[in-house]
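Enquirer:
2 protein chains.
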Amino acid sequence: MSDSTSVANLSRGTASVLPFLYVAWADGLLVPSEIDALRERIEAQAWLSNADREQLTAWLDPQRPPDATTYFRWVRAIRQASAHIPDADQKTLAELGVELATLAGEEEGITFSTPEAHRALEEMEAALGIVGHEVVRDLVERTLPPSGDGAAVEAVVAIPPAFDVDGMQRIIDGPRAELRRRVFRLLRDDAFRRPDPHIGDPAYRNMVLGWTKHLAEQGIGALAFPDYAGGTGDIGAFIAAFETISFHDLDLAIKFGVQFGLFGGSINQLGSEAQKREYLPAVGTLDLPGCFAMTERRHGSNVRELRTTATLDRDTDEWVIETPHKLDHKEWIGNAAQHGRMATVFAQLVIDGEGFGVHAFLVPIRDERDEPMPGVRIADSGHKMGLNGVDNGRLWFTDVRIPRENLLSRFAQVEADGTYVSPIPSASKRFFVMLGTLVGGRIAVASGANSAAKCGLEVAVRYGDRRKQFGPAGGDEVAILDYLSHQRRLLPLVATSYGLTFALHDLAEKFAAMPPGADTREIEAEAAALKAMASWHGTRSLQEAREACGGEGFRWTSRIASRKADSDIFTTFEGDNTVLQLQVAKGLLAGYREEFENLNAWGMLRYVRDLADVRFGEINPLARRDSGRLHDAGWHAALFERRERQLLVTAARRLKHRMDQGMDSFDAFVEVQDHLLTLASAHAERLVYDRFRAAVNATEDEHLRSVLDLVCTLYALWHIEQDRGWFLEQGLFEGTVAKAIRTEVNALLHRLRPLAVDLVAAWGIPEEVLASDLV
Amino acid sequence: MSDSTSVANLSRGTASVLPFLYVAWADGLLVPSEIDALRERIEAQAWLSNADREQLTAWLDPQRPPDATTYFRWVRAIRQASAHIPDADQKTLAELGVELATLAGEEEGITFSTPEAHRALEEMEAALGIVGHEVVRDLVERTLPPSGDGAAVEAVVAIPPAFDVDGMQRIIDGPRAELRRRVFRLLRDDAFRRPDPHIGDPAYRNMVLGWTKHLAEQGIGALAFPDYAGGTGDIGAFIAAFETISFHDLDLAIKFGVQFGLFGGSINQLGSEAQKREYLPAVGTLDLPGCFAMTERRHGSNVRELRTTATLDRDTDEWVIETPHKLDHKEWIGNAAQHGRMATVFAQLVIDGEGFGVHAFLVPIRDERDEPMPGVRIADSGHKMGLNGVDNGRLWFTDVRIPRENLLSRFAQVEADGTYVSPIPSASKRFFVMLGTLVGGRIAVASGANSAAKCGLEVAVRYGDRRKQFGPAGGDEVAILDYLSHQRRLLPLVATSYGLTFALHDLAEKFAAMPPGADTREIEAEAAALKAMASWHGTRSLQEAREACGGEGFRWTSRIASRKADSDIFTTFEGDNTVLQLQVAKGLLAGYREEFENLNAWGMLRYVRDLADVRFGEINPLARRDSGRLHDAGWHAALFERRERQLLVTAARRLKHRMDQGMDSFDAFVEVQDHLLTLASAHAERLVYDRFRAAVNATEDEHLRSVLDLVCTLYALWHIEQDRGWFLEQGLFEGTVAKAIRTEVNALLHRLRPLAVDLVAAWGIPEEVLASDLV
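Chains A and B are the protein sequences, given in the same order. Residue numbering for the first sequence follows the working numbering, starting at 100 and increasing by one per position. Residue numbering for the second sequence follows the working numbering, starting at 100 and increasing by one per position.
(1) Going by DSSP, what residue range makes up the alpha helix (DSSP H) through K685 of chain A?
(2) Residues of chain A with CB under 7 Å from T677 of chain B, in chain order?
(3) Counting contacts by CB-CB distance shorter than 8 Å, is Y814 of chain B in contact with chain A?
(4) Tell me the start and end of each unbroken alpha helix (DSSP H) in the stretch 126-208 of chain B that is at least 4 residues and wholly inside, in chain order.
(5) Among B:F601, B:P865, B:I450, which one has its Cα closest to the Cα of A797 of chain B?
(6) Are the C-beta atoms of R413 of chain A and some chain B residue less than 8 Å apart?
(7) What residue does the alpha helix (DSSP H) around V775 of chain B start on, and which one ends it?
(8) Tell me whether V513 of chain A sits in a helix, a strand or coil according to DSSP, three-state version.
(9) Across which residues does DSSP place P502 of chain A in a beta bridge pair?
(10) For the stretch 415-484 of chain B, list the beta strand (DSSP E) runs that are entirely contained and at least 3 residues long, ordered along the chain.
(11) Would you call G452 of chain B buried or exposed, if buried means 16 or more other Cβ atoms sit within 10 Å of its Cβ?
(12) Tell me whether the beta-carbon of V457 of chain A lies closer than 8 Å to the beta-carbon of L494 of chain A.
(13) Report yes or no: is there a C-beta of chain B within less than 8 Å of the C-beta of V307 of chain A?
(14) Looking at the unbroken beta strand (DSSP E) that takes in G761 of chain A, where does it start and where does it end?
(15) When the distance is taken between beta carbons, is L361 of chain B closer than 8 Å to E325 of chain B?
(16) Mind checking the stretch 285-307 of chain B against chain A and listing, in chain order, the residues whose C-beta falls within less than 8 Å of any C-beta there?
(17) DSSP state of F324 of chain A, grouped into three classes?
(18) For D412 of chain A, which three-state DSSP category applies?
(19) With a floor of 3 residues, list each beta strand (DSSP E) that falls wholly inside the stretch 281-344 of chain B, ordered by position along the chain.
(20) Taking C-alpha atoms, which residue in B:R728, B:P388, B:V499 lies nearest to L407 of chain B?
(21) With 8 Å as the threshold, decide whether the Cβ of D248 of chain A is near any Cβ in chain B.
(22) Return no unless some Cβ of chain A is closer than 8 Å to the Cβ of V769 of chain B.
(23) Are the C-beta of I668 of chain A and some C-beta of chain B separated by less than 8 Å?
(24) How about R476 of chain B: is its C-beta nearer than 8 Å to some C-beta of chain A?
(25) Taking the alpha-carbon positions, what's the R728 of chain B to W734 of chain B distance?
(26) Cβ atoms of F496 of chain A and I420 of chain A: under 8 Å apart, would you say?
(27) Mark T638 of chain B as exposed unless 16 or more other C-beta atoms lie within 10 angstroms of its C-beta, in which case mark it buried.
(28) Please say whether T677 of chain A and L537 of chain A have beta carbons closer to each other than 8 Å?
(29) Please report the distance separating the alpha-carbon of H53 of chain B from that of L847 of chain A.
(30) Let me make sure I understand the geometry here. Which of B:G547, B:L117, B:A660, B:L754 has the alpha-carbon closest to that of F337 of chain B?
(31) Relative to the alpha-carbon of V489 of chain A, which residue among A:R757, A:L192, A:A302, A:F826 has its alpha-carbon at the smallest distance?
(32) At least one CB of chain B closer than 8 Å to the CB of L747 of chain A: is that the case?
(33) Is it right to say G686 of chain B is buried, meaning 16 or more other beta carbons lie within 10 angstroms of its own, or is it exposed?
(34) Could you have a look at G492 of chain A and say whether DSSP puts it in helix, strand or coil?
(35) Does any residue of chain A have a CB that is nearer than 8 Å to the CB of T671 of chain B?
(36) I want to verify the contact list: residues of chain B whose CB lies under 8 Å from the CB of K483 of chain A, in sequence order.
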């Protein structure tokens, strides 16, 4: 059978045209009219024998395609012959035809003139308009896939690190490096091995409680508490611990955060010295498991309107805690469904029928035998999308009585005669100071979301570096991270995680360094802005990571799914992102003189008026095309700052315009909400850029600095590219600059591709903690 | 005690200044220097008594804020008095002060001149720069939250439907309305009640198998099969059934799709008449559960390079199926882990050492006792992010022997003497015809993703219509869907689901109407483009719905989480979205002459060259600002078409430029991948717009047409706004137009807000199928 498909059995003329026959019937290359034209051309070739011409034109009848066997024989004949032709894959169709003709059998009575034939074939090829050498390469190299051991395809090719990964890790870890490594060492212990996905909620909750106890025993829970409660009063250490735990398991992080950060933190920050000494030691050891009972079913974001009441009973000197309606129960309270013994309950403080606003009270909810206290009804919040290792629950209070002293009394006391006393005159200000307990939590949640993002991105980058699919004609398959489309998915998010890390570490240290009583409003605004940005970054990164790993990312053991499910609520809790962003924008409008949560912020109207009078002195200094600027940090900074400033001033103008026309401020703010959200995002992106750039500048090692500079430039240009609609609309740069930015982003991705695996390795996540079967 | 806080006990002078004292110490309104200025002004008021001036200036010392009790007394005094002042909430600070003074006690020896005091108070108010009446409204109306039954807050306010919802549903359902309603009726049966989330994978799989049987018994599975197999040969009906089932449960939809669409479809489309008659009846009743075994661990997207082989053993007249390497097993095969008896296995067909490319073979994998057949190794693909009711598995084949007749032989037969015969000469073409079996699946998957999106959006819209949070000063809380930020999240996605519905129904009907043997390339390209768009739309919509419902969306019983988890893989399976988009772009480049999957698409180079020669005859006819155009369907269409065309031509130019410089086409395509993805998205958005607009135009009822027109306009303007960066960059419109579009989108959202609940109701999803506790 092989004889019939050898070129040796063909005439030289037929052999020379064989590549054209292949092209004619290869799928999708030629349309029928073109096949017809090829046939006519062949009919005109005097150097072909009549027999050849007849056969060839028969094979080129668009109405009667050759059968599969014939077509296959051509292909096989070409391939077999090609094995004997040096550099066959470099030939054009015409050159290959000539070579095939020389291998074909000699025929009687025919003069095969090579130069003439060669010229004729070249003309045919030119007329087809095909780039012949690629066709040929695909044809002659396409063989059966090797069926032997293909393990090499999957093997990780060891690339020498292009930079000092350990040095980079030290820069990222910052001053808390030792604590981070210590927590990682704890988490690598077998005790922290994650459970089977079918463990069931009650068992999983107990496992997570055990993990939390383990950390408490090591003193990790009490880090932010005073020394008499086992800590060092270092909230920065606590946040670093939370950030590190979040790499391992977000259920553990949240359980840990509820117990020590929210419950313990409320006592530590809102309690008197006596209250702290009474309760914090047992909180830090987890001997007193507790809750932070703020959110209600009908009031989540709008905390000021909570409906639970704490009414002073003068006769018994007690507070009476009441849930006024069955739908006003405390909801989603962590530690409530199964383990909590006590709760910090936020309620409207009432004396003699007068309300003094929301205050925090310590309310026992379970006794020593884990039975609910009298008047306390507890229910489970139910199965959730994720975080099922945390026992969220609901609390109803009916005539629940606690001593007068259980009001957390750092900022408000009620004396024995019922006199209300506070060092802060304004109820509104007192309210915001109390809400300040959430700030540490917001920084922690933002950091945890970034940790989850990093886990997903590391898995996806390492998988993409190894996973191969498709490739050039006749060549090996290519690692998917070598595709621009894949780099665009992942590497800008890696750069954003870098930026967020520097910004959040900077914020945590500033927060930790605040002296007691200092004005925390700027920190609060920064925490709100970064919490929204980091948690949305987490959601997006894990989504991209899942998709970038294809079906493998869908498998539970990739741990992308569980991290996505667990972190999803980070955009909602500790302040809904949209609500936080609106607060950030209002804070910016009020020049940081207004505190957050004040949606009815009539007080800022005058500042809005001041702002609206600002005029930009300069017109468009950034518009000129100047590609040298694309790597200029000053230019990036100017764009980020200009955007934020301009959005701020134009928002103020739009508000003023509406209110000048008599519109209620509430309605005016609703009408420009899209503008305010844009402002808040711009603010956060600018903040992160500033902190990232400062970290670059502070890097002493020149090589590491140059690597970080590239990553920071990618952060800047990618975010500017994403929002180029705004920059163009405002005339801040022209379309040519927008295109140059896109080109430069692609160039940066190309440069950073070989460093990608090292960039994620520098995050220093131990394999046992990453715990993904994809790496 | 109430006496001491009554204005009756204050001097008239003090009472008149009370509102200013409140403002002075209310949080965030005034800075110390302003309080100081207020004090100086009060000191200058001759009409105040000395005693009053002394007391008031003491209270306005920035260094010594009043204590909380004093401040509270002011507030209470103002509020109590306000109850006696008509329209107190309409007053300015000065007017309120005058009213309070009239209620204050008469004092000896002091002439309180109202006009003088009034003027002085007005001057003070003006100097403060405060919008007094809002301050006053907030002050006088802020009372304790009502503690009674607040059920009304949550009650659904019945709004009369603003349009004929049933009529709209008929338009959406289209010609398959009866079948859709029939499937919904089946799904509402108790037998389809969804399980507890802890059911465990094996039990859940059996439950889903039972559901699938139930549908098979009703003839729903066999709809696309010939009459002798219980069907009507109507693939359009099958896709409509799949789309409807997807509202209920995606596990069921996928199990159903694997059995009847992929396994059954492969036999129906690739099998000979005899094979169809032999197998399809048992497939349609689920008596023969089967698999579609295409994907391998190392080859998912790149199907052409699959490594499983089917080698003809001439001695026994059998195919020998082999997995060449342990990592080349079939992976993610639905129905394989638990229920499948047979599989359509895609393998490289080999005769006498020659490869003929990928072909499909029917391979028994389990016997009647559910034991694996000899040589077949089966493993479970493991727990997944979602779809755990589907038994995805892995298959390895070692010397597995099947009769020669088990090659599915519509497009390729091998005769008894080993001769390979096919009506399609080109191996490449044959390959793509075989892949055509996936087209119906892609349309179905796109439709199912849109169904999942609609479920999430309906829940979020109805929740947002009812859930209230925050509100104007002193007013009721507002439904969160009344906020622009919330409308922006949800309503453009609702509009996109409308558009996708019309586009996918149109595509399904075109596909169903194709005569056998017709050229399906355009349908395939459209299916690929819409599959990518619809599945990403599903992921995004469910993510937004989750966040828009806050913590409630995180609860399992909201069913948002499970739908998100189950639908997540829709962006990956039946063709990875990115790979599909690149194929779409290449198809566009080749003028639909190239089939999909052909990544080494050297054949299109010449078409690229042709395209690159196209010049735009007109410069920028769309740039002029003309707000009348914003609702002009012709203008929308022109923008969508212009974008697609321009992206196509510029992509061709960039490719040509690179290849002219000698770059390999593979590398050239990789370098412009971002451009190609943009092109594919633009193509899909244009397609959906065209189909949506056609549906609007075809609507006979004038009122319904006007409603649909608004939704279609929102679709158009929102998508154009999202990509305004591109339009601006290309100079297709100016910044002023971009801003006008944003304003118009906001105006449209405002108009559509009252119709939102009806718009989602018109999708006609029964409550039992939506099955969310949030509605």
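Ideal placement from N, C-alpha and C gives every residue a C-beta, glycine not left out.
Expert: According to the structure shown:
(1) To locate residue 685 of chain A, count along the first sequence from 1; it is residue 586. First-last of the alpha helix (DSSP H) with K685 of chain A: 676-688.
(2) In the second sequence, counting from the first residue as 1, residue 677 of chain B sits at position 578. By Cβ distance, chain A contributes S584.
(3) Position 715 of the second sequence, counted from the first residue, corresponds to residue 814 of chain B. Not one chain A Cβ lies under 8 Å of Y814 of chain B.
(4) 131-142, 149-158, 167-181, 192-202
(5) Taking the second sequence and counting its residues from 1, one reaches residue 797 of chain B at position 698. Of B:F601, B:P865, B:I450, the residue nearest in Cα terms is B:F601.
(6) Locating residue 413 of chain A in the first sequence gives position 314, where the first residue counts as 1. No, no contact with chain B.
(7) If you number the second sequence from 1, residue 775 of chain B lands on position 676. Looking at the sequence shown, residue 775 of chain B is not Val but Leu. First-last of the alpha helix (DSSP H) with L775 of chain B: 772-797.
(8) For the purposes of this step, residue 513 of chain A is taken as the residue at position 414 of the first sequence. Three-state DSSP puts V513 of chain A in a strand.
(9) The sequence position of residue 502 of chain A within the first sequence is 403, counting from 1. P502 of chain A is bridged to A:E417.
(10) 417-421, 429-432, 441-450, 453-463, 475-479
(11) By one-based count along the second sequence, residue 452 of chain B stands at place 353. Result: exposed.
(12) In the first sequence, the residue the question calls residue 457 of chain A occupies position 358. In the first sequence, the residue the question calls residue 494 of chain A occupies position 395. The Cβ-Cβ distance between V457 of chain A and L494 of chain A does not fall below 8 Å.
(13) Stepping through the first sequence from its first residue, residue 307 of chain A is reached at position 208. So, not an interface residue.
(14) On the first sequence, position 662 is the one that residue 761 of chain A refers to. Per DSSP, G761 of chain A belongs to no beta strand (DSSP E) and is neither H nor E.
(15) Along the second sequence, read from residue 1 onward, the residue named residue 325 of chain B stands at position 226. Along the second sequence, read from residue 1 onward, the residue named residue 361 of chain B stands at position 262. The residue you asked about is not Glu; residue 325 of chain B is Pro in the sequence shown. No. Outside cutoff.
(16) P296, H297, G299, D300
(17) On the first sequence, residue 324 of chain A is found 225 positions in, with the first residue counted as 1. Note: F324 of chain A maps to coil in three-state DSSP.
(18) In the first sequence, the residue the question calls residue 412 of chain A occupies position 313. Correct three-state label for D412 of chain A: strand.
(19) Secondary structure in the stretch 281-344 of chain B: no beta strand (DSSP E) run of 3 residues or longer lies completely within the stretch.
(20) Start at 1 with the first residue of the second sequence, and residue 407 of chain B comes out as number 308. A quick correction: the sequence has Thr, not Leu, at residue 407 of chain B. Checked all of B:R728, B:P388, B:V499; the closest Cα to T407 of chain B is B:V499.
(21) Residue numbering aside, residue 248 of chain A sits at position 149 when the first sequence is read from its first letter. Unreliable placement is indicated for D248 of chain A, whose pLDDT of 38 sits below 50; the coordinate value is still reported in the next sentence. So yes, D248 of chain A belongs to the interface.
(22) Against the second sequence, residue 769 of chain B aligns to sequence position 670. Judged by the 8 Å Cβ criterion, V769 of chain B is in contact with chain A.
(23) Translated into the one-based positions of the first sequence, residue 668 of chain A becomes position 569. So, interface residue.
(24) The residue labelled residue 476 of chain B in the question sits at position 377 within the second sequence. No, no contact with chain A.
(25) On the second sequence, position 629 is the one that residue 728 of chain B refers to. On the second sequence, position 635 is the one that residue 734 of chain B refers to. Between R728 of chain B and W734 of chain B, the C-alpha separation is close to 6 Å.
(26) For the purposes of this step, residue 420 of chain A is identified with residue 321 of the first sequence, where counting begins at 1. For the purposes of this step, residue 496 of chain A is identified with residue 397 of the first sequence, where counting begins at 1. Contact: yes.
(27) Residue mapping note: residue 638 of chain B aligns to position 539 of the second sequence, counting from 1. Under the 10 Å beta carbon count, T638 of chain B is surrounded by 16 or more other beta carbons and is classified as buried.
(28) Numbered from 1 along the first sequence, position 438 holds the residue referred to as residue 537 of chain A. Numbered from 1 along the first sequence, position 578 holds the residue referred to as residue 677 of chain A. Their beta carbons are not under 8 Å apart, which means L537 of chain A does not touch T677 of chain A by this criterion.
(29) Nothing can be reported for residue 53 of chain B: it is not among the residues displayed for chain B, which extend from 100 to 874.
(30) For the purposes of this step, residue 337 of chain B is identified with residue 238 of the second sequence, where counting begins at 1. It is B:G547.
(31) As a first step, residue 489 of chain A is located in the first sequence; it is residue number 390 there, counting from the start. That would be A:A302, whose Cα lies nearest to the Cα of V489 of chain A.
(32) For the purposes of this step, residue 747 of chain A is taken as the residue at position 648 of the first sequence. No, L747 of chain A does not count as interfacial toward chain B.
(33) Numbered from its first residue, the second sequence carries residue 686 of chain B at position 587. Under this definition G686 of chain B is a buried residue.
(34) One-based indexing of the first sequence puts residue 492 of chain A at position 393. Note: G492 of chain A maps to strand in three-state DSSP.
(35) Position 572 of the second sequence, counted from the start, is the residue given in the question as residue 671 of chain B. With 8 Å as the cut-off, T671 of chain B counts as an interface residue toward chain A.
(36) Counted from its first residue, the first sequence places residue 483 of chain A at position 384. For K483 of chain A, the chain B residues whose Cβ falls inside 8 Å of its Cβ are F653, R654, W655, A660, in order along the chain.
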